[in-house]
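The block underneath contains the structure these notes are about, expressed in structure tokens.
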Amino acid sequence: MKVSNIGVLTSIFRLIIIASLVWNSMFMCIFINWPNISTFTTSSICTVYNFLN
């Protein structure tokens, strides 16, 4: 049980880290491309680009 609990905790921790990284990259992309905020496509493409990098 302890090993499985540790595995679940590490997987949740990894998901939180990935989610925070995606959120930070999206926020920075929106902050950098503030004049283009009206176009949602640009921000989504930039988010995917930052996530792949």
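Start counting the sequence shown at 11; every next residue gets the next number (the working numbering). All residues carry an ideal CB built from backbone N, CA and C; glycine is no exception. Note that the structure is predicted; figures quoted are calculated from it, not measured.
Query: Please check the pair Ser30 and Thr57, which I expect to be a contact at CB under 8 Å, by giving their CB distance rounded to whole angstroms.; Result: Not quite, the Cβ-Cβ distance comes to about 14 Å (not below 8 Å), so this is no contact.
Query: When you compare only the Cα positions, how much space is there between Ile22 and Ser14?; Result: 12 Å
Query: Rounded to a whole number of angstroms, what is the C-alpha to C-alpha distance between Ser54 and Met38?; Result: 12 Å
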